[in-house]
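From first to last, the protein sequence lines stand for chains A and B. The numbering used here puts the first residue of the first sequence at 1, with every later residue one more than the last. The numbering used here puts the first residue of the second sequence at 117, with every later residue one more than the last. Note that CB positions come from ideal geometry on N, CA and C, so glycine has one too. Only one structure is covered here, and it is reproduced in the block below.
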Amino acid sequence: GNSVTQMEGPVTLSEEAFLTINCTYTATGYPSLFWYVQYPGEGLQLLLKATKADDKGSNKGFEATYRKETTSFHLEKGSVQVSDSAVYFCALSESQAGGGADGLTFGKGTHLIIQP
Amino acid sequence: DVKVTQSSRYLVKRTGEKVFLECVQDMDHENMFWYRQDPGLGLRLIYFSYDVKMKEKGDIPEGYSVSREKKERFSLILESASTNQTSMYLCASSGNWGTQYFGPGTRLTVL
């Protein structure tokens with residue numbers, strides 16, 4: 001079956017530090033890959049996605065590149081802010097265009113804490 | 117903007133009660149989903165539906181059922197609530213080739 005593995009944290013960084021959250025996956029086909037973010041007390045919001053190998057998803061200064069050869073989709077940001085404190089989830093979908101008729105398979109989430 | 121709403125943010129029920137969690141989306145999406153979120157386990161798919169009156173089991177359907185009588189509404193039912201169903205429940209919807217959009221969640225406590 002499909003699975004997603006990510007570092008669980010908490011990950012604590014100082015403001016303006018460089019962020020990497022690792023995510024690797026196993027899937028039987030060619031999945032679409034996602035990063036979702038959950039701010040305290042809220043539901044999940046899509047942060048970025050990539051639907052095929054070598055695609056780069058980006059949003060709000062965050063980036064992730066779909067690496068088929070290493071089955072990875074690591075999340076990066078060059079300079080984090082206190083407002084980036086949240087839980088980040090890596091996820092995959094076997095649906096060709098991503099997240100359509102099939103459910104998503106999620107990692108366990110990484111709690112990110114940014115200190116001023 | 118897509119809006120997915122859930123009937124309650126917080127709910128407290130007693131063991132053995134029948135519990136209904138309601139989800140409504142306003143974007144005419146075909147697909148709707150129920151997940152539960154637990155610390156250290158992430159999100160796990162309970163049930164999903166790709167059309168009115170259609171439903172499919174997800175990874176952890178035991179102890180739950182669902183109902184989709186109208187396209188915009190997807191209900192999760194706990195026939196006889198148990199303490200191990202204390203969790204955060206998240207509803208999501210998507211078009212056939214689109215991203216999943218999530219509601220704010222319902223935190224259910226079963227005493």
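| query | result |
| --- | --- |
| Listed from N- to C-terminal order along the chain, which residues in the stretch 156 to 172 of chain B have their beta-carbon within a distance smaller than 7 Å of any beta-carbon of chain A? | Gly156, Leu157, Gly158, Leu159, Leu161, Phe164, Tyr166 |
| Have a look at Asp60/A and Leu224/B and give me their C-alpha separation to the nearest angstrom. | The displayed chain sequence assigns Lys, not Asp, to residue 60/A. The alpha-carbon atoms of Lys60/A and Leu224/B are separated by roughly 32 Å. |
| Along the chain, where does the beta strand (DSSP E) that runs through Asp154/B open and close? | 147 to 154 |
| How big is the Cα-Cα spacing for Lys171/B and Gln153/B? | 20 Å |
| What's the gap between the Cα of Thr202/B and the Cα of Val226/B? | 5 Å |
| Judging by CA-CA distance, which residue of Glu76/A, Gly41/A, Gly29/A, Leu46/A is the nearest neighbour of Ala17/A? | Glu76/A |
| Among the residues of its own chain, which have a CB less than 7 Å from the CB of Pro4/A, if the five just before and after it don't count? | A quick correction: the sequence has Val, not Pro, at residue 4/A. Taken in chain order, the residues that qualify are Cys23, Tyr25, Cys90, Ala91, Leu92, Thr105, Phe106, Gly107. |
| Relative to the C-alpha of Ile114/A, which candidate in Thr28/A, Asp102/A, Lys56/A, Ser83/A has its C-alpha closest? | Ser83/A |
| So the candidates are Ser85/A, Glu94/A, Asp102/A, Arg67/A; which of them puts its Cα closest to the Cα of Leu112/A? | Ser85/A |
| In terms of residue numbering, what span does the beta strand (DSSP E) encompassing Arg160/B cover? | 158 to 165 |
| I need the straight-line Cα distance from Leu13/A to Leu127/B, nearest angstrom please. | 35 Å |
| Below 8 Å on C-beta distance, what does Glu42/A contact in chain B? | Pro220, Gly221 |
| Output yes if chain A places a C-beta closer than 7 Å to the C-beta of Thr121/B; else output no. | no |
| Can you tell me whether DSSP reads Val82/A as helix, strand or coil? | helix |
| Can the beta-carbon of Phe190/B be found closer than 7 Å to that of Met148/B? | yes |
| Which value, in whole angstroms, describes the spacing of the CA atoms of Leu192/B and Ser183/B? | 7 Å |
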